[in-house]
Amino acid sequence: MRRRHAYLPLFALIFAPFSPLSAFATPSPPAQPPTGPGGSNYSHTAIAINGPYWAEGHNRDNDYRYYIYEPAQPAPAAAPVVLFLHGWLAYTPITYMEWTNHIVRKGYIVVWVRYDAGLRPPWTFLDHAMVTWKDALQRLITWQGHVQPARDSQGNIQTAIVGHSAGGYLATLLAARAALPSNGLPQPHAVVPIEPGGFSAIPPENLAAIDPATKMVVVVGEEDTVVCTRTAVAIWNATPQLLDRDFLLVQSDTRGSPAQIANHFFPTTTGKRDTAAVDARDFYVTFKLSVGALNCVFLGTDCQYAFGKGAPEQIDMGTWSDGIPVKPMIWVTDPHSLPTRCRQGASTWGQRTSPDEVHPPGR
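Taking numbering that gives the first Met the number 0, I'd label the letters of the sequence shown as residues 0 to 362.
See below:
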């Protein structure tokens, strides 16, 4: 009996690798869900790419450059228009291509606006973005043979704004400018700032002027050491008039590989300065929240995903391959007491050593 017990551990070690229940395999992150706003159930199988264009009077000036992406196969007669604003120096569309492709294939026109041709003064960004956005909308209105911008019952173009980093902050500033009729901008139905940054560098606007009916979801990363949470909290403090808004914290989870790190660069989809190009952080955060917000305001569906006030669909991050749930997002009721791992005041936003993504000029 003693001999049998002595050899059992060796037997187990020899045959354990062949066991279907091997406990030593590193779990992998969740795949893209088959349904939902972050899911792979696309209503369009292709994307029509148009551009580059430049705002009128600024030909070949890349501070006013843009592309228009239309859903295709099938092409709808009309679709709401989403302005996508990149992060500082992340000025080529490829940086966020999988994210914007996801939005388009879910049935939306995306206008990619480049407001920074390279190390421009931050106080110029908003004017560049506004002029370029207006030009893109005018092109859409007068275009023949293209998907038309959808309009509401009053005849206004249905728009929303999505942005990352500096683009996230600019999204809120443009929403404030849209509240002034003299600026000639349609008021966005939804604003989605992901890890917004630039509060100390980009001149502010009166965010209290944003239409109270505008829906907004603000997202920060637990380990975002580039912009931390200062701009996000400032946005929150300045928009108490919004009737439907949420603040979410993405948590890091290192249980498997690639690790799901809530850093500043996970919203990009190239994999640079991150652990992966596209993974669960895209499917369950950027993809899900942006399209969830769009579907909510334009279709009246999926509101619980973007504006769920902590609903399971909103904070869910999927399940590791070993059956353990990925750490969910945290719905934050008091953004002033966030459990982040960044050190306020140590933000590197705006320093030449830490851009969102550096690319050479061109597409």
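Every residue, glycine too, gets a C-beta built ideally from N, C-alpha and C.
Keep in mind that this is a model prediction, so the values were computed, not measured.
Have a look at the DSSP bridge pairing and note the partners of TYR63. The secondary-structure analysis by DSSP pairs TYR63 with nothing; it has no beta-bridge partner.
Assuming ARG272 and VAL249 make a contact with CB atoms under 8 Å, what is their CB distance in whole Å? Not really, about 16 Å apart at Cβ, beyond 8 Å.
With a CB to CB cut of under 6 Å and the five nearest residues on each side skipped, what residues in its chain are close to ALA275? Answer for ALA275: PRO257, listed in chain order.
Only counting runs of 4 or more residues, tell me where the alpha helix (DSSP H) segments fall wholly within the segment 92-129, in order along the chain. You should have 96-104.
Where do the ends of the alpha helix (DSSP H) carrying VAL331 lie? Taken as a continuous stretch (DSSP letters only), VAL331 belongs to no alpha helix (DSSP H), as it is neither H nor E.
Give the straight-line distance between the Cα atoms of VAL80 and ASP321, rounded to the nearest whole angstrom. About 40 Å.
Consult DSSP for TRP53 and reduce its assignment to one of helix, strand or coil. Three-state result, TRP53: strand.
LEU172: first and last residue of the uninterrupted beta strand (DSSP E) it sits in: Here LEU172 belongs to no beta strand (DSSP E); instead the alpha helix (DSSP H) covers 165-177.
Starting from LEU369, trace the beta strand (DSSP E) in both directions and tell me its first and last residue. Look at the range of the chain in this structure, 0 to 362, and you will see that residue 369 is not part of it.
From which residue to which residue does the beta strand (DSSP E) around PRO192 run? From DSSP, the beta strand (DSSP E) with PRO192 extends over 189-193.
Would a C-beta distance cut-off of 7 Å place ALA370 and GLN157 closer than the cut-off? Summary: the structure shown does not reach residue 370, with the chain confined to residues 0 through 362, and so no result is reported for it.
Measure from the alpha carbon of ILE260 to the alpha carbon of each residue in GLY291, THR269, GLU221, then state which is nearest. Minimum Cα distance to ILE260 is reached at GLU221.
8 Å contact criterion, which ILE108 and ALA78 should meet: CB distance rounded: Yes, ILE108 and ALA78 are in contact; Cβ-Cβ is about 5 Å, under 8 Å.
Candidates TYR168, ALA135, LEU288, SER199, of which the one nearest TRP330 by Cα: Nearest of TYR168, ALA135, LEU288, SER199 to TRP330, Cα basis: LEU288.
Classify GLY291: buried if its beta carbon has 16 or more other beta carbons within 10 angstroms, exposed otherwise. Here GLY291 is buried: its Cβ has 16 or more other Cβ atoms, across all protein chains shown, within 10 Å.
The alpha helix (DSSP H) spanning GLY291 covers which residue range? 287-298 is the span of the alpha helix (DSSP H), which, as asked, contains GLY291.
Would you kindly work out how many angstroms separate the C-alpha atoms of TRP132 and GLY162, rounded to a whole number? Cα-Cα distance, rounded: 13 Å.
In whole angstroms, give me the CA-to-CA distance for ALA30 and ASP243. If you take the alpha carbons of ALA30 and ASP243, they lie about 30 Å apart.
Could you pull out every residue in the same chain whose Cβ sits closer than 6 Å to the Cβ of ASP368, ignoring the five residues on either side in sequence? Outside the displayed span of the chain (0 to 362) sits residue 368, for which this structure offers no information.
Three or more C-beta pairs below 8 Å linking the segment 119-135 and the segment 179-193: Segments in contact, yes.
Let's test the definition: count the other Cβ atoms within 10 Å of the Cβ of ILE140 and tell me whether it reaches 16, buried, or not, exposed. When all chains shown are included, ILE140 counts as exposed.
What separation, rounded to the nearest whole angstrom, lies between the Cα atoms of SER199 and THR230? So the alpha carbons of these two residues sit roughly 8 Å apart.
For ASN205, I'd like the list of residues in its chain whose CB is within less than 7 Å of its CB, leaving aside the five on either flank, ordered along the chain. Excluding sequence neighbours, ASN205 sits near ALA175.
For GLU204, three-class secondary structure by DSSP: The answer is coil: DSSP assigns GLU204 none of H, G, I, E or B.
Using the three-state DSSP reduction, which class does LEU82 fall into: helix, strand or coil? Strand.
Can you give me the C-alpha to C-alpha distance between PRO92 and TYR41, rounded to a whole angstrom? Each residue's Cα considered, the two are about 21 Å apart.
C-alpha gap between PRO311 and PRO327, whole angstroms: Approximately 9 Å between the Cα atoms of the pair.
Which residue marks the beginning of the alpha helix (DSSP H) containing VAL232, and which one marks its end? Counting along the chain, the alpha helix (DSSP H) containing VAL232 begins and ends at 229-237.
Quick check: the Cα distance between ALA71 and ALA233, rounded to an integer number of angstroms? A straight line joining the alpha-carbon of ALA71 with that of ALA233 spans about 39 Å.
Could you spell out the range, first to last residue, of the beta strand (DSSP E) harbouring LYS271? Where LYS271 is concerned, there is no enclosing beta strand (DSSP E), given that its DSSP letter is neither H nor E.
Can you find the residues in the same chain that come closer than 6 Å, C-beta to C-beta, to PHE286, ignoring five residues on each side of it along the sequence? If we look at PHE286 and ignore the five residues flanking it on each side, its Cβ neighbours are GLY37, HIS101.
Along the chain, where does the beta strand (DSSP E) containing LYS308 start, and where does it finish? Here LYS308 belongs to no beta strand (DSSP E), and DSSP marks it neither H nor E.
For LEU20, I'd like the list of residues in its chain whose CB is within less than 7 Å of its CB, leaving aside the five on either flank, ordered along the chain. Bear in mind that the predicted position of LEU20 carries a pLDDT of just 43, short of 50, making it unreliable; the figure below should be weighed with that in mind. Closer than 7 Å at Cβ, skipping near neighbours: no residue.
Starting from MET215, follow the beta strand (DSSP E) in both directions and report where the run begins and ends. Its beta strand (DSSP E) spans residues 214-220.
Could you check whether TRP122 and PRO51 sit closer than 7 Å to each other, using their CB atoms as the reference points? No, the pair does not count as a contact, with Cβ atoms beyond the cut-off.
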